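A quick write-up on the structure given underneath.
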Amino acid sequence: MLFSMTGFGEASYEDGRIKIGYRIRAVNHRALDINMRLPVELLYLEPALRKLIQERVFRGRIDIQVEFSLLDDEVQPPSRLDVARFKQLLSVARRMMQEAEVQGPIDVNTLLRTPDLIVVDRTGFVLPNDDEGRVLDTMERAIETLLDSRANEGVHLFEDVKGRFEIVSELVPQIESAILQRREDLVDQMKKRLDGLRGDLNLDESRLYQEAVFWADRLDVSEEITRLNAHLTSVQSELLNPERPYGKRLEFITQEILREVTTLGNKAKLEQVSGKIVTLKTELEKIREQLANIE
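Taken in order, the sequence shown gives residues 232 to 526; the numbers are from this note's numbering.
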């Protein structure tokens with residue numbers, strides 16, 4: 232099965248203690264690039280969360296949105312009142328009341344709502360084991376939905392790539408046959424011309440025959456065809472028994488096939504094969520475009 236590099240996954244969990252949610256978006260990228268911004272309380276879990284992704288995803292840009300809340304005081308990091316700042320605010324409030332000639336008590340609750348007055352000590356903070364496990368389990372579920380999304384799109388990519396490689400596999404022997412036939416025809420034509428000239432001119436027959444063979448050898452594409460067939464066999468192996476990540480390997484093989492096809496076209500500038508060469512290159516370019524979407 233081929234996996235697309237694009238996809239989306241999400242998962243969430245909530246109980247009376249914690250609330251955790253992940254949204255994962257994956258797009259094309261040459262390598263694996265994970266972008267994840269965690270709340271301060273979960274920073275210590277970043278290596279473990281990244282490892283979960285790296286074990287299941289091998290290629291693509293992975294953007295992860297994380298929502299996290301601590302719902303129970305039992306799991307909250309310790310906090311304390313910034314006494315010095317509170318005294319400062321209290322002093323300012325008293326002075327303002329005096330200057331404004333306002334009577335009555337100071338509303339302490341209002342002062343306590345001042346930002347940064349309550350200092351949360353997150354140094355060394357870790358979640359209890361059960362809550363930590365739920366954070367990791369939820370990430371695994373989000374990754375699973377991402378993989379399902381990538382697999383669904385990968386089915387369509389697989390059928391398209393497979394079909395185009397089948398066209399390539401059918402065209403190669405046709406091109407080989409046409410070139411071999413043209414080579415045989417060329418040798419026969421040269422031999423007939425030599426036979427016609429031999430009686431009229433004092434020519435070195437062996438030298439002329441060597442010249443004929445030389446020109447015929449310029450149409451010898453046996454090495455290119457052998458390499459092409461080897462590459463196509465590798466493609467079949469990759470498609471039948473894919474080992475992730477396989478997009479890069481298929482890209483490399485396709486590039487090698489395209490190189491051999493270009494050599495064929497340069498060697499055999501024949502009307503009989505020029506159209507097939509163009510079709511081959513077109514299919515291979517479309518395959519390369521699709522492989523850019525495959526993990």
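Using N, Cα and C, we set each Cβ at its ideal position, and we do this for glycine too.
From a predicted model like this one, the values you see are computed outputs, not experimental measurements.
To which residues does DSSP link I525 through a beta bridge? By 1-based counting over the sequence shown, the position of residue 525 is 294. I525 is bridged to S235.
So, helix, strand or coil for Y244, using DSSP? Position 13 of the sequence shown, counted from the first residue, corresponds to residue 244. In the structure shown, the three-state DSSP call for Y244 is strand.
CB of R395 within 9 Å of CB of A499, strictly: Within the sequence shown, the letter at position 164 stands for residue 395. Within the sequence shown, the letter at position 268 stands for residue 499. No, they are not a contact pair.
Cα-Cα separation, Q420 to T237: On the sequence shown, position 189 is the one that residue 420 refers to. On the sequence shown, position 6 is the one that residue 237 refers to. Roughly 57 Å separates the two Cα atoms.
How long is the line joining the alpha carbons of K282 and F483, rounded to whole angstroms? Counted from its first residue, the sequence shown places residue 282 at position 51. Counted from its first residue, the sequence shown places residue 483 at position 252. Rounded to whole angstroms, the separation of the alpha carbons of F483 and K282 is 28 Å.
Pop quiz: T494 and I518 are said to be a contact at Cβ under 8 Å. What is the actual Cβ separation, rounded to whole angstroms? Indexing the sequence shown from 1 puts residue 494 at position 263. Indexing the sequence shown from 1 puts residue 518 at position 287. Their Cβ separation, rounded to whole angstroms, is 18 Å, which puts T494 and I518 out of contact at 8 Å.
Extent of the continuous alpha helix (DSSP H) to which N340 belongs: One-based indexing of the sequence shown puts residue 340 at position 109. First-last of the alpha helix (DSSP H) with N340: 339-343.
Of the choices N383, D391, A331, whose alpha-carbon is the least far from that of Q521? The residue given as residue 521 occupies position 290 in the sequence shown. Scanning N383, D391, A331 for the CA closest to the CA of Q521 turns up D391.
Using a threshold of 9 Å, state whether the C-beta atoms of E298 and S235 are closer than that. The residue labelled residue 298 in the question sits at position 67 within the sequence shown. The residue labelled residue 235 in the question sits at position 4 within the sequence shown. No; because the gap between Cβ atoms is not below 9 Å, this pair is not in contact.
Is the separation between the beta-carbon of L312 and that of L274 shorter than 9 Å? For the purposes of this step, residue 312 is identified with residue 81 of the sequence shown, where counting begins at 1. For the purposes of this step, residue 274 is identified with residue 43 of the sequence shown, where counting begins at 1. Judged by beta-carbon spacing, L274 lies beyond the 9 Å limit of L312, meaning their Cβ atoms are not closer than that value.
Per the DSSP calculation, A257 is bridged to which residue(s)? Here residue 257 corresponds to residue number 26 of the sequence shown, with the count starting at 1. DSSP lists G238, I293 as partners of A257.
Please name the residue, chosen from L470, Q285, I265, that lies closest to F389 on a Cα-to-Cα basis. As a working note, residue 389 is residue 158 in the sequence shown. Nearest of L470, Q285, I265 to F389, Cα basis: L470.
Can you find the residues in the same chain that come closer than 7 Å, C-beta to C-beta, to G496, ignoring five residues on each side of it along the sequence? To locate residue 496, count along the sequence shown from 1; it is residue 265. Excluding positions up to five away in sequence, the list reads I508.
Return the first residue and the last residue of the beta strand (DSSP E) that N266 is part of. Residue mapping note: residue 266 aligns to position 35 of the sequence shown, counting from 1. Per DSSP, the unbroken beta strand (DSSP E) holding N266 starts and ends at 263-267.
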